[in-house]
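> Can you read through this structure? Questions will come right after.
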Amino acid sequence: MTAPDIVARRIGVERQPIAIVDHFHPDPDGLRDFAHAAYFEPARRQYPGVRADLPETYFHAIRPALTNVLTHVFDHRGGVSLLDASFSVVTAPPATLNIEQRLPHFDAIDPARIALVHYLGTEDRGGTAFYRHRGTGFETIDAGRVSAYLDAVNGEVATAPPPPAYIDGSTDRFEQVSMVDSRYNRAVLYRSALLHSGAIPPDTVLSADPAQGRLTVTAFLLLA
Numbered sequence: 110m111t112a113p114d115i116v117a118r119r120i121g122v123e124r125q126p127i128a129i130v131d132h133f134h135p136d137p138d139g140l141r142d143f144a145h146a147a148y149f150e151p152a153r154r155q156y157p158g159v160r161a162d163l164p165e166t167y168f169h170a171i172r173p174a175l176t177n178v179l180t181h182v183f184d185h186r187g188g189v190s191l192l193d194a195s196f197s198v199v200t201a202p203p204a205t206l207n208i209e210q211r212l213p214h215f216d217a218i219d220p221a222r223i224a225l226v227h228y229l230g231t232e233d234r235g236g237t238a239f240y241r242h243r244g245t246g247f248e249t250i251d252a253g254r255v256s257a258y259l260d261a262v263n264g265e266v267a268t269a270p271p272p273p274a275y276i277d278g279s280t281d282r283f284e285q286v287s288m289v290d291s292r293y294n295r296a297v298l299y300r301s302a303l304l305h306s307g308a309i310p311p312d313t314v315l316s317a318d319p320a321q322g323r324l325t326v327t328a329f330l331l332l333a
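So the mapping is simple: the working numbering equals the position in the sequence shown, first residue as 1, plus 109.
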């Protein structure tokens with residue numbers, strides 16, 4: 110077992126912190142085996158794929174790495190609540206994506222909410238990308254920005270909808286400010302208010318089979 114390796118970055122003009130953790134889980138092969146036997150069902154909200162329950166031991170296994178990240182990258186030493194967590198696999202073909210799934214998004218406007226993506230695919234392709242909205246200059250969306258941001262994006266979409274594809278790098282409306290490459294047993298943690306998107310290359314295998322598809326763990330935490 111290799112100890113977790115944590116790298117902190119400050120990204121974009123707003124210099125928001127993100128954490129990249131290699132060797133995140135002590136038994137990633139066991140996690141994949143668990144996922145292979147799990148029952149996957151369509152994901153809720155806007156996730157373009159399927160999801161399944163995690164083993165009950167997942168957060169116990171990652172607790173040392175998670176505590177280290179929250180303390181030293183996000184300067185948090187208080188309590189943490191788990192809001193949601195699951196295995197996730199992207200399955201939606203580009204032609205089926207709705208407008209929201211074609212754009213970078215934010216998960217929440219609360220700065221105390223943290224997102225976690227743990228890559229468990231065996232091919233190191235794609236990852237997670239972070240964006241600045243060119244029209245407003247925003248990289249994070251909070252309570253003071255959300256109305257202006259949504260008004261601007263809705264106006265852009267009404268003028269010319271984005272093409273039916275996963276966003277892949279900078280466009281005339283969004284600038285990619287950082288990219289975290291997928292790597293087996295790597296995790297990335299960031300504030301849920303950051304504009305971001307899964308980086309899904311055009312030739313990604315969009316299989317619901319976790320042995321072949323883009324298998325991750327996705328989780329949302331609330332810092333108390």
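The C-beta atom is built at its ideal place from N, Cα and C for all residues, glycine as well.
Which runs of the beta strand (DSSP E), 3 residues or longer, sit entirely within the stretch 237-302?
For the stretch 237-302, whole beta strand (DSSP E) runs of length 3 or above, ordered along the chain, are 283-290 and 295-300.
> Anyone know if the C-beta pair for Y228 and A296 falls short of 9 Å?
The answer is yes: Cβ separation under 9 Å.
> Can you give the Cα-Cα distance for V255 and H145, rounded to whole angstroms?
The straight-line gap from Cα to Cα measures roughly 39 Å.
> Would you say the stretch 148-156 touches the stretch 182-192, given that touching needs at least three Cβ pairs under 8 Å?
They do not touch, by the three-pair rule.
> In terms of alpha-carbon separation, which member of A328, I276 and V178 lies closest to D131?
Comparing Cα positions, the closest option is V178.
> For the candidate residues D318, A238 and V122, whose alpha-carbon lies nearest to that of I309?
Comparing Cα-Cα distances from I309 to each of D318, A238 and V122, the minimum goes to A238.
> Cα separation between D193 and L330?
So the alpha carbons of these two residues sit roughly 7 Å apart.
> Consult DSSP for F329 and reduce its assignment to one of helix, strand or coil.
F329 falls in the strand class under three-state DSSP.
> Compute every distance between the C-beta of A302 and the non-hydrogen atoms of the ligand PLP, then say whether any falls below 8 Å.
Questions concerning the ligand PLP fall outside what the structure shown contains, since it holds no ligand whatsoever.
> Between the alpha carbons of H181 and A269, how many angstroms are there, rounded?
One C-alpha to the other measures close to 43 Å.
> Alpha carbon to alpha carbon, how far is D251 from P126?
Roughly 16 Å separates the two Cα atoms.
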